[in-house]
Every structure is written in structure tokens, then in C-alpha cells.
Amino acid sequence: MSIVSIRKAMETKGCQALLVVIGTLMVIGMVAGSWMSHNQTPGQMSEETVLFTVAGRKVTAKEFSERLAEYSQQQQMQGSQGTAIGELSTAVAAASSYAQSAAIGALAQQKGVQVTEEGVRSVAERVAKDQIQQYREQLTQMGMIKAGDAPDAFDKRFTELMKKTPAEFEKAQVDGIMQRYADAKTKAQVTTAVQQELVKDAYTKSAVVSEEDLKKGFEEFTLATIRFDDLKKPLADREAQAKAIQAKAAGGGDFASLQKEAAPAAKAEERQVKLTRAIMENTPELKPLMDLKPGEVSGVVMSGGSPVIFKLVSVNANLPKDFESKKAELLENARRQSGAEAFAKDYKAKLDEFKPKFADKGLEIAYDFGSGMSDPENTLSPEKRKAFLEGIKARLRDPETSSVSYPNLIAATEFLVVEQLYQSASELEKPGMLDERIEAANRMLEFFEDSSFRLDFADELLKAKRNDDAFAMALAAAQNNGDYSQTGEMVYQKLSQMTLSAAQTKAWTDDQIKQLRSELERWQTEHQRDLDDQKKNEEEQKKATTDLDKDLVPEQAPKANGETPAPKDGAGKAKSGN
């Protein structure tokens with residue numbers, strides 16, 4: 118990363134740090150799209166049409182379009198503009214923001230939290246200090262400052278990069294946030310973000326952690342394991358084997374013997390694992406193992422995509438050597454962690470309570486897809502993810518599912534669902550899913566034209582011997598390539614190579630090759646015309662600038678003796694030649 122890049126990243130992150138606290142909890146990558154090009158309160162729908170309600174609040178088409186535009190502007194720097202994933206994520210983020218605000222408001226009321234100017238400043242100062250500390254850590258990781266450097270080394274390096282001292286930077290960040298709080302247009306956004314931080318603080322203050330609880334946090338679980346991770350075998354066969362072995366283990370069978378029976382080639386270190394309490398508590402499939410008593414055997418657990426059987430060997434408190442000297446600090450950190458966990462739990466419950474109630478099917482399915490893909494159960498379990506995706510697909514295919522207002526969301530969601538199901542399918546299943554994949558891609562491309570995607574897809578279809586489908590994708594990519602920048606040139610180059618290869622392998626007919634070459638020639642001609650136009654415009658602009666300069670500096674009238682008068686200075690005196 119260059120120095121310029123570091124500076125730009127710091128400047129961008131600084132003022133935004135507080136404003137993105139609420140953020141978007143949905144998964145699909147927060148990116149802006151060309152949403153407003155497709156959805157400026159669609160003509161079939163009145164601006165006052167109610168799209169959904171949140172906690173009794175009605176959200177109209179006009180208000181939602183404005184929120185979408187706001188999110189697009191905030192996220193456009195992250196890329197994926199005009200793509201299915203970009204448009205869908207923006208819609209889900211915008212819809213979820215209403216639920217987030219309602220959830221934070223309800224928790225603030227429960228905790229008696231009120232946002233004041235003093236509270237905003239306090240949170241802003243803390244966020245700015247945290248930002249500076251993050252920069253310190255970043256510069257340390259990059260080797261730009263070192264542990265043995267002088268105390269002011271960071272300040273000097275920071276000032277060199279940011280053109281501000283840390284104190285000046287902090288003041289600028291705080292002033293920026295306070296200005297946003299004072300501005301009626303952005304006050305609500307700042308208030309919600311600050312409110313969340315103050316609610317978190319309230320949870321931290323009410324958290325109680327005893328020394329015994331603290332010591333439990335250092336517990337280490339030793340577990341014997343039997344893994345069924347031979348990927349050469351189908352998952353169904355491995356699951357069946359795991360169930361049979363688990364029945365033997367639960368019935369009192371010798372676990373060590375069963376380990377050898379199930380995985381004779383496994384090494385000793387692969388038959389036992391040590392996990393901290395934190396890992397166990399924060400891993401959904403492992404958390405139930407904490408209820409085991411030494412010597413007890415678990416059921417079949419899906420971990421890392423494979424079935425595993427665990428047997429608890431022991432639980433030991435692995436306290437650090439400096440536990441006593443750092444006990445107060447450790448207790449404070451544990452209290453903060455406990456408060457954060459309690460907040461997260463209550464916040465999620467409120468989000469579920471205030472889930473938008475949609476009148477538009479397209480928005481509803483898009484929202485459910487986006488929020489569902491962020492659910493740990495769906496991200497960690499291949500089986501649950503597949504069932505979830507199949508459920509969304511069934512809703513999309515329901516004859517009653519339509520969205521006159523947001524057909525692009527239906528197309529985007531369908532494509533992403535079908536694509537994920539295809540990518541997670543076995544090689545034996547994929548050929549039978551290609552027709553559905555092509556149909557979903559074509560519907561998506563009606564709203565999100567992408568020549569690069571078309572060519573990548575055409576390449577895959579050629580490998581699958583779907584030559585005519587590949588040709589259709591390639592031809593559409595060629596016909597839609599009106600880009601004469603570097604991106605369009607890359608499409609042209611890839612299409613040229615693909616056409617040449619297909620001609621050599623006879624993947625496409627002579628007539629198909631002729632059509633593609635005609636499009637390639639068309640692009641070349643238009644590209645050259647574009648270059649000529651650019652050159653002409655540059656020359657005209659240069660000439661216009663020269664003419665303007667002449668008009669601004671009139672020629673000096675010659676003297677009677679034919680000499681040109683000497684130029685004068687600002688006081689009207691003739692300048693000397695020296």
C-alpha cells in the first residue's frame with residue numbers, strides 16, 4: 118500500500134467511523150448499485166404507496182427510494198455498481214436500517230438512554246481516539262514505527278502522513294461529527310449511531326462478572342475425536358458410518374478402538390483437540406459439547422463440512438502466569454465482553470420483533486434472502502444452507518410471487534440463489550442444473566448487463582459442451598459492448614481469443630464465427646471513431662484555450678518609431694531589462 122493510499126484510507130475512515138456504527142448487518146457485501154436507474158419510485162406505483170411497516174411506522178415508496186439513494190451514495194466507493202449483488206444488498210441494507218433504528222430506540226428506552234449534545238461529543242471523542250489507536254497498530258504492523266522507537270515517533274509519522282498532529286486530527290473528527298449532529302439533514306443518522314454506543318455503554322455498566330466467572334473463561338476443553346473427513350467418499354456414506362460408530366461409542370464401546378476402526382491412518386495428534394471456552398461458546402455446533410461430562414460422548418456433529426464424534430476427556434483452567442497482577446484489567450475486559458454479548462442477544466431479539474412487514478413480495482423475498490444468508494446456521498451448515506436456498510427458490514417460483522415495482526430484485530435474488538446452489542452441487546449434479554442456471558442468468562442480465570460476466574459464463578458453457586448456449590452468451594456480450602475504455606478493450610480481447618479458439622476447435626459453426634467477427638469489426642471501427650473524436654475534441658479545446666489567452670492579453674500598440682513599448686509593472690512604471 119502506498120503512502121498516498123494510506124492517507125486516503127485514513128481520511129475516509131476517520132469521519133465515517135462513527136457514522137457506520139449502525140452499519141448493515143446483512144451479508145451480501147455492502148455495495149452501491151445503479152439502483153436509481155431502475156427504481157426511481159416506479160411509474161406503476163404512487164409515491165405514497167406503503168411498501169412495508171416497521172414497529173407501526175409506514176414506509177412509503179418515496180421515502181424508501183430516498184433511503185436507497187442515500188445508501189447508494191454511502192456505499193458507491195466499495196464497487197459492484199450496477200450488479201445483481203450490489204442492487205440486492207443496497208435494498209436489503211436500506212430496508213433493514215428501519216428495523217435497526219427501531220431496535221436501538223426500544224433498547225435505549227429500556228435502559229433509560231437519552232442522546233444529548235454532551236453525549237454525542239463524548240462518543241465522538243472516544244471514536245476518534247480509537248481511530249488514532251487503530252492507525253498506530255496499522256503503522257506498527259507495516260513496520261513504519263517500531264516498539265523501540267522514541268515516544269514521539271508515532272506522532273511524527275502520523276503528522277507526516279495526515280498533515281495533522283494526532284490532536285488536530287482528533288479535533289477535526291469530533292468537529293465533523295458535531296457539525297453533522299447540528300445539521301437537520303444528518304442529525305437523525307448521527308443520533309442513531311450515538312444512541313447505539315450509549316446503549317452498549319449501559320449494558321457494560323450493568324454487567325456483573327465474578328472472579329470465578331473470569332477463571333472459567335480460561336478453561337480449556339480436551340476432546341478425543343473421530344473424524345469422517347475422507348472427501349473421496351460421498352457425504353451421505355460418511356454420515357451413515359458416523360452414526361454407526363457413534364451408536365457403538367454411546368453404548369460403551371472403547372473409544373480408542375473405534376478411532377482406529379473409523380480412521381486407521383489418522384495420526385495421534387489428529388485424534389485429540391484442545392479448545393478454549395471462547396471457541397466453544399462462539400461456535401454454534403461446538404457449544405452443546407460444553408454440557409458433556411468427562412468420559413461422555415457426543416452425537417454426530419457437522420464440523421468443517423464433515424461428521425465428527427467427540428468425547429470429553431478433561432476440562433482444565435489454563436490461567437495465565439500474570440493472572441493475579443492483571444486481575445482487575447481482566448475483570449474489566451470480561452465485563453465489557455459480557456455487556457457486549459448481552460447487548461447482541463437483546464438487539465437480535467428486537468430486530469426479529471421489528472422485522473419489516475412487507476406489502477411487496479419482491480422486497481420481502483430479497484430481505485429474507487439477505488438476512489437469512491447472514492444467519493450463522495446457514496453459513497456454517499451446508500445442509501441448512503441448501504434447505505434455506507431451496508426454500509427461497511420455491512417462493513420465487515410460486516405463481517403468486519411477482520413484483521411489478523421491483524422486478525430487478527426478483528431477478529437478482531433468483532440468480533444468486535440458483536448460482537449458490539449450483540456452486541455447492543457435486544460435479545455429477547451440475548450438468549442437470551445448467552438449464553436453470555442459464556435461465557436465471559438471462560433474467561438477471563435483463564436488468565444488470567455485464568459483458569465480462571457473459572464471456573466468463575460462455576467459457577464455462579463451452580467446457581460443458583453447451584456450444585449453442587455459449588455462442589448466445591458470447592454474441593450478446595459482443596453486441597452489448599459499447600465500452601471503448603480499458604474495460605471494453607478487455608472484453609474485445611477476450612472475445613477475440615474465444616472466437617479464434619472456437620474456430621479452431623469447430624465448437625461454433627462458420628456462420629456463428631462470421632457473426633462474432635462482424636461484431637468484433639464493428640467494435641474496432643467504433644473504437645477508432647471514438648479515438649478520433651477524442652483527438653478532435655482535444656485539439657478544439659486546445660485551440661479554444663489558445664484563442665482565449667490571446668483575447669485576455671491584447672497586443673501592445675507600437676510607438677511612432679516602430680518600437681514596442683516596454684511592459685509595465687503593477688505601479689505603472691516601465692520595467693528595466695535587467
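Take 118 as the starting number for the sequence shown in my numbering and just add one per residue.
The beta-carbon is built from N, C-alpha and C at its ideal position, and this holds for glycine as well.
Positions of the alpha helix (DSSP H) runs, each at least 4 residues long and wholly inside the stretch 256-290, are given as 270-279 in order along the chain. Counting C-beta atoms within 10 angstroms of its own C-beta, Glu556 has fewer than 16 neighbours from the protein chains shown and is therefore classed as exposed. Taking 3 residues as the minimum length, the beta strand (DSSP E) runs contained wholly in the stretch 331-395 are 336-344, 389-393, in order along the chain. Residue state for Lys653 is assigned as helix, using DSSP reduced to three classes.
The C-alpha of Met261 is placed about 10 Å away from the C-alpha of Ala270. The stretch 293-303 and the stretch 323-342 do not touch, with fewer than three beta-carbon pairs separated by less than 8 Å. Of all alpha-carbon atoms in Ala172, Gln255, Glu204, the one lying nearest the alpha-carbon of Tyr215 is that of Ala172.
In this structure, the alpha-carbon of Gln312 lies about 43 Å from that of Leu429. Residue environment analysis places Ser213 among the buried positions, since at least 16 neighbouring C-beta atoms fall within 10 angstroms of its C-beta.
DSSP places Pro516 in the coil class of the three-state scheme, outside both helix and strand. Annotation for Asn450: the continuous alpha helix (DSSP H) segment containing it runs 444-470.
By the CB criterion at 8 Å, Met419 and Ser327 fall outside the cutoff. Per DSSP, the continuous beta strand (DSSP E) segment holding Val418 begins and ends at 414-420. Within the DSSP secondary-structure output, Asn433 pairs in a beta bridge with Glu337.
Here Arg174 carries a strand assignment [DSSP, helix/strand/coil].
In this structure the stretch 354-371 does not lie against the stretch 457-476, because fewer than three pairs of beta carbons, one per stretch, are closer than 8 Å. The bridge partners DSSP lists for Val167 are Thr177.
By the beta-carbon neighbour count (other beta carbons within 10 angstroms, threshold 16), Gln629 is buried. The continuous stretches of alpha helix (DSSP H) do not include Val326, and DSSP gives it neither H nor E. Under the DSSP assignment, Pro524 falls in the alpha helix (DSSP H) whose first and last residues are 524-540. The three-state secondary structure of Phe570, taken from DSSP, is helix. When DSSP reads this structure, Val425 sits in a beta bridge with Arg344, Val418. The beta carbons of Arg560 and Met590 sit about 14 Å from each other, so the pair does not count as a contact at 8 Å. Bounds of the alpha helix (DSSP H) holding Ala620 are 603-622. About 7 Å separates the beta carbon of Lys317 from that of Gly456, a gap short enough to meet the 8 Å contact definition. Within the stretch 490-514, the complete alpha helix (DSSP H) segments at least 4 residues long are 493-497, 499-514, listed from N- to C-terminus. If the five residues before and after Lys501 are omitted, its C-beta is found closer than 7 Å to the C-beta atoms of Glu494, Asn495, all from its own chain and listed in chain order. Lys304 carries a helical assignment under DSSP once its states are collapsed to helix, strand and coil. Glu556: member of the alpha helix (DSSP H) spanning 551-562, first to last residue. Excluding five sequence positions before and after Ala434, the CB atoms of its chain that fall closer than 7 Å to its own CB belong to Lys332, Phe335, Glu336, given in chain order. Exposed is the label assigned to Ser543, since fewer than 16 other Cβ atoms lie within 10 Å of its Cβ. Pairwise C-beta distances place the stretch 201-208 in contact with the stretch 173-189, as three or more of them are shorter than 8 Å. Per DSSP, reduced to three states, the secondary structure at Phe565 is coil, with no helix or strand assignment.
The beta-carbon distance between Leu633 and Thr616, rounded to whole angstroms, is 5 Å. This is short enough to meet the 8 Å contact definition.
Ranked by how close their Cα comes to the Cα of Phe532, the residues Lys175, Thr166, Glu204 have Glu204 in first place.
Taken atom to atom, the span from the alpha-carbon of Phe564 to that of Pro351 is near 39 Å.
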